[in-house]
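Here the structure comes first, spelled out in structure tokens, and everything after it is commentary.
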Amino acid sequence: MAERDSRVTTQLLTRPRFLGPGYLGMLRKDFARNRTIYLMAVPVVAFFLVFYYIPMFGLVISFKRFTPALGVFGSPWVGFKYFEDFFQSYFAVRIIRNTILLSVLSLIWGFPAPIILALLINEVRSTPFKRSVQSLTYLPHFISLVVVCGLLLEFSQSSGLFNDVRGWFGGEPISFFQDPRFFRSFYIGSDIWQEIGWGSIIYLAALSAIDPQLYEAATIDGAGRFRQLRHITLPSIAPTIVVLLILRMGNLMTVGHEKIILLYNPTIYETADVISTFVYRKGLLEFSWSYGTAVGLFNSVINLALVVMANWISRRVNETSLW
Amino acid sequence: MALHKRSAVSVVFDSCNTVFLAVLCITMLYPLYFVFVASVSEGNQLMAHTGPLALPLGFSGAAYKLVFNNPLVVRGFLNSIHLVVVGTAVNILLTSFAAYVLSRKNVYWKPVLMIMAVVTLLFERGLVPFYLTVRGLGLLNSHWAVILAFAISAYNMIIMRTYFTTIPDSLEESAKIDGANDFTVLFRIILPVAAPVVATMVLFYGVSRWNGYFYVMIFLRDRIKFPIALILREILIANSADTMMAGGDAGSMGDHENIADTIKFATTVVATVPILLLYPFLQKYFVKGAMIGSVKG
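Heads up: the protein sequence lines correspond to chains A and B, in order. Residues 265 to 587 in my numbering are what the first sequence spells out, letter by letter. Residues 499 to 795 in my numbering are what the second sequence spells out, letter by letter.
Have a look at this one:
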């Protein structure tokens, strides 16, 4: 499919009549023949233009001193002023460090978790138990972030459930979300709780695609379960792991704001404030429109570079890529 | 396997594995169970209690009474239903249009549309310019802001297109010969055949509409328009007592403090129950949907 698509594109791009009258004629004829297709495409194209491409164009306000009264076009150009302001500020190091740390730690803890879960579920012999484990571990994925974060805050209060349990072992109560040291663990831990089951689906699918004959042959040759795991199971799902790992690398500078905004407060900005939350605070709460946009643009450009790089590596390694 | 006697190590492993997975399942369920049990407990006893709960402490429907008498919660629930129903309908309509166009063979400009969509996955539009655009359209403080601004997720569009391309051409060709136009083909032939993927899309879009809080938070101003997720945020996260007690008979409640926790839990239950009720029905679809998604076009 993709191959044919790209062939069509190159054909269109290389033919000189692409912009000539011949092309317009072709378009007119095509329109007459497939009118309903065009009708369907109009709202779709309009959607992407209005809600994605106009905002992307709006990123120019990073280079302007934007005020709502003057608008995007009327506001004066200021060049790289806001980028300089940002990089000279104390925040730059803090939020870039927090973003990278949070995402790297999430990768280290959160990436292997669903793989291990899938391998464990795969070893279960009883089908009803297997099904129940799957259903129950997928469930948290569908629970609202507001609920998850609300409960997390509730349970981590000094009089909350976590501290009650710590109390049994003689621990002093701690207000976990008032102390910057704990934020990362709680953020990552709750993420794993919520997404481990959902993340395991793709690995379970890869596991179920393994030819059972391989295991039968291995058993006859006297290989135990651990050796089967090492020599059959892991090599079979390795390509899936590699692709997902590489794609994950592309998101190394991406940490979403939606969850953190629910969890953080000024006392823990030291570890909890990341680029996206900073953009939200500056841009929308403190009305530093241009400054917030500039910081966001810096992040988007890096993310784009990382995704393109990850995709390139993925194609090299696995002949699988996003495009 | 039957021929082999299972080794001792293997038996130990299986037992540990079963125990571990069972504990994991309890960890997944217990917070929800705790919320439910706490929501029907007596406020005073819950305040005095420390540690996990196995059964309700006493039994009281007081919190639910307050929650259902709270106009913000009731309105929020209705607003959420509005956002989910209208929003998901718009999602399915536009996403299937896009997927249909992209799955046609004779549409020679479709790579342009595809690139247009994929770019949105690769490059963020910028939160501030996005907000300014929605404001410029005069959509602030309207449900239409979120309904329209999230009408198509390029990711879901690709899932749907992938599914559409697997539908044999012969089906639609016969309809075309009978003079059907593309709308008829889409609604009468493609969508019924693609029911599993449509169900998956309804689930993905519907759940994110029900759960979404951030963009409604920045786009809506009047609390009477807030969906339940946002009301829940005020109650759970901002700990806003007046949101909790809105419309309640404040005079008769000397024990505000005591009942505050049970109200939090009761509202959480009210906001989560619709998803829990639908979950068993939708479950059979989403695994397939998640698979199509991860294999991509």
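The C-beta atom is built at its ideal place from N, Cα and C for all residues, glycine as well. Predicted model, so just to flag it, every value in this text is computed and none were measured.
Simplified DSSP state of residue i, which is helix, strand or coil
i                : result
Lys563 (chain B) : helix
Lys546 (chain A) : helix
Lys328 (chain A) : strand
Val793 (chain B) : Below a pLDDT of 50, predicted positions are generally treated as unreliable, and Val793 (chain B), at 46, falls in that range; no measurement from the model is reported.
Leu607 (chain B) : Per the sequence shown, residue 607 (chain B) should be read as Trp rather than Leu. Trp607 (chain B): coil per DSSP, three-state reduction.
Asp512 (chain B) : helix
Exposure of residue i, with buried meaning 16 or more beta-carbon neighbours within 10 Å
i                : result
Ser513 (chain B) : exposed
Ala605 (chain B) : Reading off the sequence shown, one finds Val at residue 605 (chain B), where the question assumed Ala. Classification of Val605 (chain B): buried, given that the 10 Å Cβ count is 16 or more.
Ile465 (chain A) : buried
Ile613 (chain B) : exposed
Asp720 (chain B) : exposed
Tyr544 (chain A) : buried
Glu348 (chain A) : exposed
Tyr354 (chain A) : exposed
Pro569 (chain B) : exposed
Gln458 (chain A) : buried
Pro609 (chain B) : buried
Val533 (chain B) : buried
Val510 (chain B) : exposed
Ala333 (chain A) : exposed
Asn639 (chain B) : exposed
Phe378 (chain A) : Here residue 378 (chain A) turns out to be Pro, not Phe, going by the sequence shown. So Pro378 (chain A) counts as buried.
Glu732 (chain B) : buried
Trp553 (chain A) : buried
Cβ of residue i within 7 Å of any chain A Cβ
i                : result
Gly624 (chain B) : yes
Val605 (chain B) : yes
Met658 (chain B) : no
Arg731 (chain B) : yes
Thr766 (chain B) : yes
Cys514 (chain B) : no
Ala748 (chain B) : Unreliable placement is indicated for Ala748 (chain B), whose pLDDT of 48 sits below 50; the coordinate value is still reported in the next sentence. False, the Cβ-Cβ gap to chain A never drops below 7 Å.
Asp680 (chain B) : yes
Tyr528 (chain B) : no
Asn639 (chain B) : no
Ser798 (chain B) : Nothing about residue 798 (chain B) can be reported from this structure: the residues present for chain B run from 499 to 795 only.
Tyr783 (chain B) : no
Tyr703 (chain B) : no
Phe621 (chain B) : yes
Presumed contact (8 Å Cβ cut-off) between residue i and residue j, rounded CB distance
i                : j                : result
Ile501 (chain A) : Tyr467 (chain A) : 6 Å
Leu527 (chain A) : Ala536 (chain A) : 7 Å
Ile726 (chain B) : Gly574 (chain B) : 4 Å
Leu684 (chain B) : Ser594 (chain B) : 6 Å
Ser367 (chain A) : Met573 (chain A) : Not quite, the Cβ-Cβ distance comes to about 15 Å (not below 8 Å), so this is no contact.
Gly541 (chain B) : Thr741 (chain B) : Between Thr741 (chain B) and Gly541 (chain B) the Cβ distance is about 17 Å, and since that is not below 8 Å, they are no contact.
Asp555 (chain B) : Ser537 (chain B) : With the sequence shown as reference, residue 555 (chain B) is identified as Leu, and Asp is not the correct amino acid for it. With 8 Å as the limit, Leu555 (chain B) and Ser537 (chain B) do not qualify as a contact, their Cβ atoms being about 11 Å apart.
Trp341 (chain A) : Ile452 (chain A) : Actually they do not touch by this definition, with Cβ atoms about 42 Å apart.
Val535 (chain B) : Arg707 (chain B) : 29 Å between Cβ atoms; not a contact.
Leu730 (chain B) : Val411 (chain A) : 7 Å
Leu630 (chain B) : Gly322 (chain A) : 6 Å
Ser540 (chain A) : Gly520 (chain A) : 6 Å
Val397 (chain A) : Ile385 (chain A) : 6 Å
Cβ of residue i within 7 Å of any chain B Cβ
i                : result
Gly520 (chain A) : no
Phe344 (chain A) : no
Arg329 (chain A) : no
Phe576 (chain A) : Note on identity: in this sequence residue 576 (chain A) is Trp, with Phe being the wrong assignment. Not one chain B Cβ lies under 7 Å of Trp576 (chain A).
Ile243 (chain A) : An answer regarding residue 243 (chain A) cannot be provided, because it is not within the stretch 265 to 587 covered by chain A.
Asp349 (chain A) : no
Thr557 (chain A) : yes
Asp455 (chain A) : no
Ile318 (chain A) : yes
Thr300 (chain A) : yes
Phe433 (chain A) : no
Heavy atom of the ligand HEM within 6 Å of residue i beta-carbon
i                : result
Gly624 (chain B) : Annotation note on the ligand HEM: not contained in the displayed structure, which lists no ligands.
For this session: Specify whether the stretch 413-429 of chain A and the stretch 474-482 of chain A touch according to this definition: at least 3 beta carbon pairs, one from each stretch, less than 8 Å apart.
Result: Touching, no.
For this session: Decide yes or no for the touch test of the stretch 644-658 of chain B against the stretch 582-592 of chain B: beta carbon pairs closer than 8 Å, at least 3 of them.
Result: At 8 Å Cβ cutoff, the stretches touch.
For this session: Could you tell me whether the stretch 558-577 of chain B touches the stretch 761-769 of chain B, where touching means 3 or more Cβ pairs closer than 8 Å?
Result: A contact exists between the stretch 558-577 of chain B and the stretch 761-769 of chain B.
Exercise. Should the stretch 487-495 of chain A be called in touch with the stretch 397-404 of chain A, which here means at least 3 C-beta pairs below 8 Å?
Worked result: Touching, no, given that fewer than three Cβ pairs across the two stretches are closer than 8 Å.
Problem set entry | Segment contact flag, the stretch 564-574 of chain A with the stretch 618-628 of chain B, C-beta cutoff 8 Å, min 3 pairs | Touching, yes, given that three or more Cβ pairs across the two stretches are closer than 8 Å.
For this session: Count the CB pairs spanning the stretch 727-737 of chain B and the stretch 655-666 of chain B that are closer than 8 Å, and state whether there are at least three.
Result: By the Cβ test, the stretch 727-737 of chain B is not in contact with the stretch 655-666 of chain B, since fewer than three Cβ pairs between them sit closer than 8 Å.
For this session: Tell me, please, whether the stretch 693-705 of chain B touches the stretch 623-637 of chain B by the rule of three or more beta-carbon pairs shorter than 8 Å.
Result: Too few Cβ pairs lie closer than 8 Å, so no.
Exercise. With a cut-off of 8 Å, do at least 3 Cβ pairs link the stretch 566-581 of chain B to the stretch 665-681 of chain B?
Worked result: No contact exists between the stretch 566-581 of chain B and the stretch 665-681 of chain B.
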